[in-house]
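Enquirer: One structure, pasted below without further comment.
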Amino acid sequence: METLKLNRDLITIWSLALVSIGAVVTTRHVILMLPLLVYMLYKSTRGIITYRGTFLMVPFCIMLMSAFAGIYLVVLRSIS
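Written out as structure tokens, the structure is:
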């Protein structure tokens, strides 16, 4: 049962990371980054990162980089 929950969480986290990349690529839905990051922080504080540390940190880092890239692109567009 624990394995099923872990697999579901892994799928959720990886799909959120992919959605975050798509949000940055389109730069129309950068606002999506905030709830995704909040969700990731919530999951990481509940101990899910401790299961498979490195495997779960990769999508987390992808989402963080996507968020910063999205914010940077929005700021860049508003300046120019």
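If you count by the numbering used here, then the sequence shown holds residues 27 to 106, one letter each, in order. All C-beta atoms, glycine included, are put in the ideal place defined by N, C-alpha and C.
1. In angstroms, rounded to a whole number, what distance separates the CA positions of residue 43 and residue 95?
2. Using 10 angstroms around the beta-carbon of residue 61, count the other beta-carbons present and answer buried if the total reaches 16, otherwise exposed.
3. In angstroms with no decimal places, state the Cα-to-Cα distance between residue 100 and residue 89.
4. List the whole-angstrom C-beta distance separating residue 85 from residue 37, where the pair is believed to meet the contact cut-off of C-beta under 8 Å.
Expert: Let's see:
1. 14 Å
2. exposed
3. 16 Å
4. Contact doesn't hold; Cβ gap of about 11 Å is too wide.
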